[in-house]
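Novice: One structure, as C-alpha coordinates, below. Some questions next.
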Amino acid sequence: MVNVTRIMKYLLTSILLLAFVSGLMAQNFVYPTGQHRTDTIFNENYESFEIRVVTPTPEDITFRWQLLSNTFDPNWSCSVCDYTGCYVGFPANAAMTAITAAEMAAGTFGFIKCNMTCGLNYGEGKVEIYVFDQNDYSRGDTVSFFVSWPDPSISTIQENELRIGAYPNPVESQLTVHNPSSENGVVVVTDVLGKVVQSANLNSRSLAYIDFSGVRKGVYLVNFRGEEGLISTKKVIKK
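With this note's numbering, the residue at position 14 of the sequence shown is 34, and numbering never jumps.
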(Lines of atoms letter the chains of each structure in order from A and count residues from 1; the text may use other names and numbers.)
(Lines give C-alpha, C1' and ligand atoms only; values in the text may rest on other atoms or scores of the structure.)
Protein backbone atom coordinates (compact mmCIF):
# COMPACT_ATOMS: atom_id res chain seq x y z
CA MET A 1 0.00 0.00 0.00
CA VAL A 2 2.87 2.31 0.88
CA ASN A 3 4.50 1.65 -2.50
CA VAL A 4 1.26 2.41 -4.36
CA THR A 5 0.90 5.69 -2.45
CA ARG A 6 4.46 6.68 -3.31
CA ILE A 7 3.91 5.84 -6.97
CA MET A 8 0.71 7.91 -7.05
CA LYS A 9 2.53 10.87 -5.47
CA TYR A 10 5.36 10.52 -7.99
CA LEU A 11 2.92 10.42 -10.92
CA LEU A 12 1.01 13.44 -9.62
CA THR A 13 4.23 15.40 -9.17
CA SER A 14 5.36 14.48 -12.69
CA ILE A 15 2.03 15.56 -14.20
CA LEU A 16 2.11 18.90 -12.38
CA LEU A 17 5.72 19.49 -13.45
CA LEU A 18 4.87 18.66 -17.08
CA ALA A 19 1.92 21.05 -16.99
CA PHE A 20 4.12 23.78 -15.52
CA VAL A 21 6.82 23.33 -18.18
CA SER A 22 4.19 23.26 -20.93
CA GLY A 23 2.81 26.52 -19.62
CA LEU A 24 6.24 28.10 -19.76
CA MET A 25 6.71 26.98 -23.36
CA ALA A 26 3.25 28.09 -24.55
CA GLN A 27 2.91 31.11 -26.79
CA ASN A 28 0.90 33.78 -24.97
CA PHE A 29 0.08 36.05 -27.91
CA VAL A 30 -0.63 35.72 -31.64
CA TYR A 31 1.73 37.16 -34.30
CA PRO A 32 0.00 37.65 -37.69
CA THR A 33 3.27 38.61 -39.41
CA GLY A 34 5.43 36.04 -37.63
CA GLN A 35 7.03 35.95 -34.19
CA HIS A 36 10.61 35.64 -35.44
CA ARG A 37 11.53 37.51 -38.63
CA THR A 38 14.40 36.66 -40.96
CA ASP A 39 14.97 39.37 -43.57
CA THR A 40 17.52 40.40 -46.16
CA ILE A 41 18.33 44.05 -46.90
CA PHE A 42 17.84 44.96 -50.55
CA ASN A 43 17.82 48.77 -50.31
CA GLU A 44 20.72 50.46 -48.54
CA ASN A 45 18.71 53.66 -48.04
CA TYR A 46 15.62 52.31 -46.30
CA GLU A 47 14.04 49.04 -45.22
CA SER A 48 11.37 48.36 -42.60
CA PHE A 49 10.26 45.14 -40.90
CA GLU A 50 7.24 44.72 -38.64
CA ILE A 51 6.03 42.23 -36.07
CA ARG A 52 2.34 42.52 -35.17
CA VAL A 53 0.89 41.20 -31.91
CA VAL A 54 -2.65 40.55 -30.66
CA THR A 55 -4.19 38.47 -27.90
CA PRO A 56 -5.78 35.09 -28.79
CA THR A 57 -9.21 36.70 -28.30
CA PRO A 58 -9.94 40.45 -28.12
CA GLU A 59 -9.39 41.97 -24.66
CA ASP A 60 -8.33 45.19 -22.97
CA ILE A 61 -4.53 45.19 -22.85
CA THR A 62 -1.46 47.40 -22.75
CA PHE A 63 1.51 45.77 -24.43
CA ARG A 64 4.96 46.56 -23.03
CA TRP A 65 8.28 45.43 -24.43
CA GLN A 66 11.81 45.05 -23.19
CA LEU A 67 15.04 44.82 -25.20
CA LEU A 68 16.85 41.55 -24.47
CA SER A 69 19.76 41.68 -26.94
CA ASN A 70 20.97 43.65 -29.95
CA THR A 71 23.80 42.62 -32.29
CA PHE A 72 22.90 45.01 -35.12
CA ASP A 73 25.88 46.84 -36.63
CA PRO A 74 26.21 50.13 -34.67
CA ASN A 75 26.75 51.86 -38.02
CA TRP A 76 23.23 50.92 -39.10
CA SER A 77 20.78 53.77 -38.56
CA CYS A 78 17.70 52.38 -36.83
CA SER A 79 14.46 53.78 -35.50
CA VAL A 80 11.75 51.77 -33.82
CA CYS A 81 8.02 52.39 -33.78
CA ASP A 82 5.31 50.65 -31.79
CA TYR A 83 1.60 51.30 -31.40
CA THR A 84 1.53 55.16 -31.23
CA GLY A 85 5.21 55.60 -30.28
CA CYS A 86 8.54 55.99 -32.13
CA TYR A 87 12.13 56.00 -30.86
CA VAL A 88 15.63 56.58 -32.19
CA GLY A 89 17.41 53.27 -31.81
CA PHE A 90 16.13 50.55 -29.48
CA PRO A 91 15.18 51.79 -26.00
CA ALA A 92 15.69 49.44 -23.05
CA ASN A 93 11.93 49.22 -22.62
CA ALA A 94 8.74 50.92 -23.75
CA ALA A 95 4.96 50.77 -23.41
CA MET A 96 2.42 50.91 -26.20
CA THR A 97 -0.85 52.79 -25.92
CA ALA A 98 -3.63 50.75 -24.35
CA ILE A 99 -5.90 48.82 -26.73
CA THR A 100 -9.49 48.01 -25.81
CA ALA A 101 -11.22 44.76 -26.63
CA ALA A 102 -13.54 46.62 -29.01
CA GLU A 103 -10.60 48.22 -30.83
CA MET A 104 -8.83 44.87 -31.19
CA ALA A 105 -12.01 43.23 -32.47
CA ALA A 106 -12.24 46.03 -35.06
CA GLY A 107 -8.69 45.34 -36.31
CA THR A 108 -6.36 47.35 -34.06
CA PHE A 109 -3.13 45.52 -33.18
CA GLY A 110 0.07 46.08 -31.29
CA PHE A 111 3.28 46.11 -33.28
CA ILE A 112 7.01 46.73 -33.26
CA LYS A 113 8.39 48.13 -36.50
CA CYS A 114 12.11 48.35 -37.20
CA ASN A 115 13.12 51.05 -39.71
CA MET A 116 16.66 50.74 -41.05
CA THR A 117 19.20 52.56 -43.20
CA CYS A 118 22.31 50.41 -43.53
CA GLY A 119 24.32 52.28 -46.15
CA LEU A 120 27.33 50.24 -47.27
CA ASN A 121 27.82 48.66 -43.83
CA TYR A 122 27.37 45.02 -44.81
CA GLY A 123 26.80 42.34 -42.23
CA GLU A 124 24.08 40.73 -40.18
CA GLY A 125 22.60 41.08 -36.74
CA LYS A 126 19.75 40.04 -34.48
CA VAL A 127 17.53 41.88 -32.03
CA GLU A 128 15.51 40.00 -29.41
CA ILE A 129 12.62 41.66 -27.59
CA TYR A 130 10.32 40.45 -24.82
CA VAL A 131 6.69 41.53 -25.39
CA PHE A 132 4.41 41.23 -22.38
CA ASP A 133 1.16 42.27 -20.70
CA GLN A 134 1.73 45.42 -18.65
CA ASN A 135 -0.29 43.86 -15.81
CA ASP A 136 1.52 40.51 -15.87
CA TYR A 137 5.22 40.35 -16.77
CA SER A 138 5.13 36.54 -16.90
CA ARG A 139 2.54 36.69 -19.68
CA GLY A 140 4.77 37.38 -22.64
CA ASP A 141 6.84 36.05 -25.53
CA THR A 142 10.24 36.68 -27.06
CA VAL A 143 10.15 38.05 -30.61
CA SER A 144 13.13 38.68 -32.85
CA PHE A 145 14.42 40.42 -35.97
CA PHE A 146 17.29 38.74 -37.82
CA VAL A 147 18.56 40.99 -40.61
CA SER A 148 21.29 40.31 -43.18
CA TRP A 149 22.90 42.76 -45.61
CA PRO A 150 25.13 40.65 -47.91
CA ASP A 151 28.25 42.24 -49.33
CA PRO A 152 27.82 42.45 -53.13
CA SER A 153 31.60 42.65 -53.59
CA ILE A 154 31.93 38.90 -52.93
CA SER A 155 33.94 37.43 -55.76
CA THR A 156 31.96 36.39 -58.83
CA ILE A 157 33.09 32.79 -58.44
CA GLN A 158 31.97 32.63 -54.82
CA GLU A 159 28.73 34.44 -55.57
CA ASN A 160 27.87 32.14 -58.45
CA GLU A 161 28.80 29.08 -56.44
CA LEU A 162 26.33 30.02 -53.73
CA ARG A 163 23.53 30.90 -56.13
CA ILE A 164 20.79 28.37 -55.54
CA GLY A 165 18.31 27.15 -58.13
CA ALA A 166 14.58 26.90 -57.40
CA TYR A 167 12.14 25.29 -59.79
CA PRO A 168 9.50 25.02 -61.12
CA ASN A 169 8.67 28.70 -60.91
CA PRO A 170 5.74 29.34 -60.65
CA VAL A 171 5.25 26.37 -58.32
CA GLU A 172 2.06 24.47 -57.56
CA SER A 173 2.80 21.64 -55.12
CA GLN A 174 6.53 20.93 -54.75
CA LEU A 175 9.53 23.22 -55.12
CA THR A 176 12.94 21.74 -55.84
CA VAL A 177 15.90 23.73 -54.49
CA HIS A 178 19.34 22.97 -55.92
CA ASN A 179 22.52 23.82 -54.03
CA PRO A 180 25.52 23.66 -56.43
CA SER A 181 28.00 24.87 -53.81
CA SER A 182 30.25 23.11 -51.31
CA GLU A 183 28.35 24.79 -48.45
CA ASN A 184 25.94 22.98 -46.12
CA GLY A 185 23.10 25.13 -44.91
CA VAL A 186 19.40 25.67 -44.53
CA VAL A 187 16.66 26.85 -46.89
CA VAL A 188 14.05 29.15 -45.36
CA VAL A 189 10.95 30.13 -47.33
CA THR A 190 9.25 33.36 -46.21
CA ASP A 191 6.36 35.42 -47.45
CA VAL A 192 6.88 39.06 -48.41
CA LEU A 193 6.22 40.10 -44.79
CA GLY A 194 9.00 37.85 -43.53
CA LYS A 195 6.83 35.11 -42.04
CA VAL A 196 8.50 31.69 -42.31
CA VAL A 197 6.26 29.22 -44.12
CA GLN A 198 8.67 26.33 -44.77
CA SER A 199 12.28 25.37 -44.06
CA ALA A 200 14.62 22.48 -44.82
CA ASN A 201 18.25 21.49 -44.47
CA LEU A 202 20.22 21.62 -47.71
CA ASN A 203 23.58 19.86 -47.97
CA SER A 204 26.32 20.69 -50.43
CA ARG A 205 25.71 19.80 -54.09
CA SER A 206 22.30 18.32 -53.35
CA LEU A 207 18.58 18.94 -53.65
CA ALA A 208 15.87 19.81 -51.15
CA TYR A 209 12.18 19.35 -51.82
CA ILE A 210 9.82 21.94 -50.31
CA ASP A 211 6.13 21.14 -49.97
CA PHE A 212 4.08 24.06 -51.34
CA SER A 213 0.74 22.23 -51.51
CA GLY A 214 -0.62 23.93 -48.41
CA VAL A 215 0.88 27.36 -49.14
CA ARG A 216 -1.39 30.18 -50.25
CA LYS A 217 -1.03 31.74 -53.68
CA GLY A 218 1.41 34.66 -53.79
CA VAL A 219 5.06 35.70 -53.91
CA TYR A 220 7.64 34.02 -51.65
CA LEU A 221 11.37 34.35 -51.00
CA VAL A 222 13.55 31.24 -50.91
CA ASN A 223 16.63 32.05 -48.79
CA PHE A 224 19.71 29.84 -48.57
CA ARG A 225 22.05 30.41 -45.62
CA GLY A 226 25.43 28.70 -45.67
CA GLU A 227 27.58 27.85 -42.67
CA GLU A 228 29.49 31.13 -43.07
CA GLY A 229 26.36 33.25 -43.23
CA LEU A 230 26.38 33.80 -46.99
CA ILE A 231 22.91 34.12 -48.51
CA SER A 232 21.37 33.45 -51.88
CA THR A 233 17.74 34.50 -52.40
CA LYS A 234 15.28 33.47 -55.07
CA LYS A 235 11.80 34.87 -55.61
CA VAL A 236 9.15 32.27 -56.45
CA ILE A 237 5.44 32.48 -57.17
CA LYS A 238 2.88 30.02 -55.81
CA LYS A 239 0.02 29.66 -58.29
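Ideal placement from N, C-alpha and C gives every residue a C-beta, glycine not left out.
(1) If you follow the beta strand (DSSP E) that E123 is part of, which residue opens it and which one closes it?
(2) Determine the direct distance from the alpha carbon of A122 to that of V206, and round the result to whole angstroms.
(3) Mind checking S226: buried by the 16 CB within 10 Å criterion, or exposed?
(4) For G130, I'd like the list of residues in its chain whose CB is within less than 6 Å of its CB, leaving aside the five on either flank, ordered along the chain.
(5) Cβ-heavy atom distance between Q218 and the ligand MN below 7 Å?
(6) At the level of alpha carbons, what is the spacing between N65 and S89?
(7) Please return the same chain residues whose Cβ sits closer than 7 Å to the Cβ of V239, not counting the five positions on each side in sequence.
(8) Would you check if there are 3 or more beta carbon pairs closer than 8 Å linking the segment 134-148 to the segment 91-107?
(9) What residues match up with K237 in a beta bridge as DSSP calls it?
(10) Near Q47, what residues of its chain come up, given a Cβ to Cβ distance below 8 Å and the 5 sequence neighbours on each side ignored?
(11) Let me confirm a value: Y51 is counted as buried when at least 16 other C-beta atoms fall within 10 Å, else exposed. Which label applies?
(12) Starting from K259, follow its DSSP beta bridges and name the residues at the other end.
(13) Apart from the five residues just before and just after P94, which ones in its own chain have a Cβ nearer than 7 Å to its Cβ?
(14) Could you tell me the boundaries of the beta strand (DSSP E) in which T196 lies?
(15) Between the Cα of D156 and those of W85, V242, R236, E67, spot the shortest distance and give me the residue it belongs to.
(16) With respect to the beta strand (DSSP E) encompassing K133, which residues constitute its N-terminal and C-terminal limits?
(17) Report all residues from its chain with a CB closer than 8 Å to the CB of S68; omit the five preceding and five following residues, and keep chain order.
(18) Based on DSSP bridge pairs, tell me the residues matched to I81.
(19) In whole angstroms, give me the CA-to-CA distance for S158 and F165.
(20) Just the Cα atoms here: how many angstroms apart are I201 and N113?
(21) By Cβ distance, which residues of its chain are closer than 6 Å to F110, with the 5 residues on each side in sequence left out?
(22) Going by the beta-carbon positions, is the gap between G214 and D80 smaller than 8 Å?
Specialist: On the basis of the supplied data:
(1) No beta strand (DSSP E) contains E123, which is instead part of the alpha helix (DSSP H) from 121-125.
(2) 42 Å
(3) exposed
(4) V73, F83, Y103, M116
(5) Ligands in the displayed structure: none, and consequently the ligand MN is not present.
(6) 24 Å
(7) V212, K255, I257
(8) yes
(9) DSSP output for K237 lists no bridge partner at all.
(10) Q55, D161
(11) buried
(12) BP columns for K259 are empty, so no partner.
(13) none
(14) 194-199
(15) W85
(16) 130-137
(17) K133, C134, N135, M136
(18) I119
(19) 22 Å
(20) Residue 201 is actually Ser in this sequence, not Ile. The straight-line gap from Cα to Cα measures roughly 43 Å.
(21) L87, N90, V100
(22) no
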